[in-house]
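Participant:
Protein chains: 2
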Amino acid sequence: MSFSNLDLVNECDSFPYYQTNPSLYAASLSTYYSLRVHGHDYPLGYLLPSVAQVFHNVPHWDLDSTQRTLTLIAGHNADERSEAVRQTLLALRKTGHFKVLEKWRDELYAVYGRNKELLFRVERSASPLLGVVTYGVHMTAYVRVPEEEGGMKIWIPRRAKTKQTYGGMLDNAVAGGMASGETPLECLVRECAEEASLPEDVVRARVKAAGTVTYFYIRTEKAGGETGLMQPECQYVYDIELPVDVVPRPGDDEVEEFYLWSVEEVKAALARGEFKPNCALVMLDFFVRHGVLTAENEEDYIEIVARCHRKLEFPTL
Amino acid sequence: MSFSNLDLVNECDSFPYYQTNPSLYAASLSTYYSLRVHGHDYPLGYLLPSVAQVFHNVPHWDLDSTQRTLTLIAGHNADERSEAVRQTLLALRKTGHFKVLEKWRDELYAVYGRNKELLFRVERSASPLLGVVTYGVHMTAYVRVPEEEGGMKIWIPRRAKTKQTYGGMLDNAVAGGMASGETPLECLVRECAEEASLPEDVVRARVKAAGTVTYFYIRTEKAGGETGLMQPECQYVYDIELPVDVVPRPGDDEVEEFYLWSVEEVKAALARGEFKPNCALVMLDFFVRHGVLTAENEEDYIEIVARCHRKLEFPTL
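For the protein sequence lines, the chains are A and B, in the order given. The UniProt record's numbering numbers the first residue of the first sequence as 1 and each following residue consecutively. The UniProt record's numbering numbers the first residue of the second sequence as 1 and each following residue consecutively.
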């Protein structure tokens, strides 16, 4: 089985588009519940009916089965709302009803409103239940080599086989979720040390912000836990050109090893479907920005570029 | 008057989004006619009612005021359809009804179907009447300077004041429309010679493909001709780092002069609204890809990146 680059995009950005398939989009929306916060009359995420119905008669929440909305009605500010969400999720976790809550991480993700104001914080493992936008950082690390050797080699880590999610799959050099209160760059510097043992001074001197990759993922069994949960995501994308003598090394038990691969080797691994879905998307965006993929060698070029930068229907930071 | 970067995006990508404003989007769609080709049951572009109604009882076309569709019914292949479109447009041009047709250019743009097949060709000046997707190339040329001088300077041309469209505004180093049958790279090499007198060997050795910028523009008076016409566009984006001794020079009377500006000077000109709208978008995309704009210094970062890469609702190449 060989995957085209567009196949890889379709796997990660799997929620239908209104623009190209209005009937499928409408059918999806009429199935799902939309998450709201009282006083903020717009969706913050989508929930499966099987998830929304669990909030029936739960304190702090109003479930409207006619409008298909789940509204957080507790609290007058972000702290009060966050506490209400925390209480609900701790109670749900105790019941053992949702598998994703078994991976409780004690990390808080931020959910923003239309004016970029913090509405509430939510435990990381619970964010796909609510279907809210989450944020992360992904960095591609590469080394310049002579043009006749392909111009660059790319550092690619393999995730530990024991990792609960996407175990054994390929990843971007450094990637991590952005906790509430962190800036993207601070998050990246922290993850560079934790995941790849890259010294802070090297990172700060060499790293280059290169945009965002946004997509709307529907979780499959590879993600672990319930399938079909909706995960609209924004990854801040960074590049770093490393000197040959700076070698990324696993800093924790999440990475098995780092490979230094040619562009052709990375392309082959992508085609084998070995990359974690959103890491494949970040890799494709890197290839587009660096002129590896072009209009002349990739027939789905325009589609791939647009799909790596989806405009989400929920407010973003 | 100072423009934020998001203001500049809004000016160029001005067609409403279903995702964030479904009611405005629906109201727009119920106003416009959609262009179709017989046997291809999907929209290829949107037309103003005032434009569509002119096609009433015109040979080769079927106007359906109930479905609000204008369908090209002539021809069984691209050549036959193109000839029918040409005959219609030549006749319309003679009537003097549409101002945009006074700028007839004898250049053909290609319109593609869902399988990337050529459906028909259309005279460039007429493409905004039909509201079809058009393609172009935009290249940013820059020179490396020491970090203490800002790291790079950027070549910025000013359009001739006599130019019918966006006269006197700032542009990207090289930009041009892609004629039917051209590849993006061939188009770029040709435009580099014509517009900036850049030698072909320098361009081929140094130019780097860097993605696409896609947006949905609604024409204003600055574009000349009828206003309100819809122009969904895809620009293939290129960067070129030039040596200090390669100086772009106007190759025709379309460019007045080239400036070599610092990033700060370019930012200031953007904020003054001096750039042609789609050139501003290409400049913002360049700044994002080169780490000039970051999540830390641009509050609308995520929105800007997504909006520079709109997924259009029409088939693209």
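Beta carbons are placed, not taken as given, at the ideal position from N, Cα and C, and that holds for glycine. If you're wondering where the values come from, they're calculated on a predicted model, not measured in any experiment.
Using the beta-carbon count (16 or more within 10 Å), is residue 172 of chain A buried or exposed?
Facilitator: Result: buried.
Participant: Pull the bridge partners of residue 325 of chain A from the DSSP assignment, please.
Facilitator: A question about residue 325 of chain A goes unanswered here, because the residues of chain A that appear run from 1 up to 317.
Participant: Can you give me the Cβ contacts of residue 271 of chain A inside the same chain, cut-off strictly under 6 Å, excluding the 5 residues immediately before and after it?
Facilitator: The answer, listed in chain order, is 2 and 3.
Participant: Taking a cut of 7 Å between CB atoms, which residues from the UniProt domain "Nudix hydrolase" (134-283) of chain A lie near chain B?
Facilitator: Within the UniProt domain "Nudix hydrolase" (134-283) of chain A, the residues whose Cβ lies closer than 7 Å to some Cβ of chain B are 183, 184, 185, 208, 209, 210, 211, 212, 214, 234 and 236, listed in chain order.
Participant: Note down, in chain order, every chain B residue with its Cβ under 7 Å from the Cβ of residue 31 of chain A.
Facilitator: What residue 31 of chain A touches in chain B: nothing, since even the nearest Cβ is about 17 Å away.
Participant: Given a limit of 8 Å on CB to CB distance, which residues of the region 31-56 of chain B reach chain A?
Facilitator: From the region 31-56 of chain B, no residue has a Cβ closer than 8 Å to chain A.
Participant: Of all the alpha helix (DSSP H) runs that stay within the bounds of the region 25-100 of chain A, which reach a length of 4 or more residues?
Facilitator: With a minimum length of 4 residues, the continuous alpha helix (DSSP H) runs that stay inside the region 25-100 of chain A are 49-52 and 78-95.
Participant: I'd like to know whether the C-beta atoms of residue 241 of chain A and residue 250 of chain A end up nearer to each other than 9 Å.
Facilitator: Cβ distance not < 9 Å, so residue 241 of chain A and residue 250 of chain A don't count as in contact.
Participant: Along the alpha helix (DSSP H) that carries residue 201 of chain B, what are the first and last residues, could you check?
Facilitator: Its alpha helix (DSSP H) spans residues 200-206.
Participant: Quick one: grab the DSSP three-state call for residue 287 of chain A.
Facilitator: Three-state result, residue 287 of chain A: helix.
Participant: Kindly give me the distance between the Cβ atoms of residue 47 of chain A and residue 72 of chain A, rounded to whole angstroms, as I take these residues to be in contact under 8 Å.
Facilitator: The pair is not a contact, with the Cβ atoms about 12 Å apart (cut-off 8 Å).
Participant: Could you check which residue in A:300, A:6 and A:261 has the C-alpha nearest to that of residue 141 of chain A?
Facilitator: When each option's Cα is compared against that of residue 141 of chain A, the closest is A:261.
Participant: For residue 291 of chain B, return the contacting residues in chain A, with the cut-off set at a CB-CB distance below 7 Å.
Facilitator: Result: 208, 209 and 210.
Participant: Would you say residue 68 of chain A lies against chain D (beta-carbon separation less than 9 Å)?
Facilitator: Absent here is chain D; the protein component of the structure consists of chains A and B.
Participant: Taking all protein chains shown into account, do 16 or more other C-beta atoms lie within 10 angstroms of the C-beta of residue 59 of chain B, making it buried, or fewer, making it exposed?
Facilitator: Classification of residue 59 of chain B: exposed, given that the 10 Å Cβ count is below 16.
Participant: Going along the chain, which residues of its own chain have a beta-carbon closer than 7 Å to the beta-carbon of residue 317 of chain B, five neighbours each way excluded?
Facilitator: Same-chain partners within the cutoff: 112, 116 and 135.
Participant: Residue 305 of chain B touches chain A at which residues, Cβ-Cβ below 8 Å?
Facilitator: Ordered by position in chain A, the residues that pass the 8 Å Cβ test against residue 305 of chain B are 211, 212, 214 and 309.
Participant: Rounded to a whole number of angstroms, what is the C-alpha to C-alpha distance between residue 318 of chain B and residue 13 of chain B?
Facilitator: Any property of residue 318 of chain B remains undetermined from this structure, which presents chain B solely from 1 to 317.
Participant: Let me know the beta strand (DSSP E) ranges lying completely inside the region 217-272 of chain A, each 3 residues or longer, listed in chain order.
Facilitator: Correct list: 230-241 and 255-262.
Participant: Less than 8 Å between C-beta atoms, sequence neighbours within five positions excluded: which residues of the same chain meet that for residue 150 of chain B?
Facilitator: If we look at residue 150 of chain B and ignore the five residues flanking it on each side, its Cβ neighbours are 262, 263 and 264.
Participant: Closer than 9 Å, CB to CB, is residue 317 of chain A near chain B or not?
Facilitator: Yes - at least one Cβ of chain B is within 9 Å of the one on residue 317 of chain A.
Participant: Report the neighbours of residue 288 of chain B on chain A: residues whose CB is nearer than 9 Å to its CB, in chain order.
Facilitator: Result: 209, 210, 211 and 212.
Participant: Can you pull the chain B residues whose beta carbon is under 8 Å from the beta carbon of residue 302 of chain A, in chain order?
Facilitator: In chain order: 212, 214, 234, 316 and 317.
Participant: Three-state secondary structure (DSSP) at residue 292 of chain A?
Facilitator: Residue state, collapsed to three classes: coil.
Participant: In or out: residue 96 of chain A buried (at least 16 other Cβ within 10 Å) or exposed?
Facilitator: It counts as exposed.
Participant: Buried or exposed: where does residue 233 of chain A fall if 16 or more other Cβ atoms within 10 Å of its Cβ makes it buried?
Facilitator: Buried is the call here.
Participant: Whose CA, out of A:137, A:182 and A:163, lies closest to the CA of residue 224 of chain A?
Facilitator: If we check each option's Cα against that of residue 224 of chain A, A:163 comes out closest.
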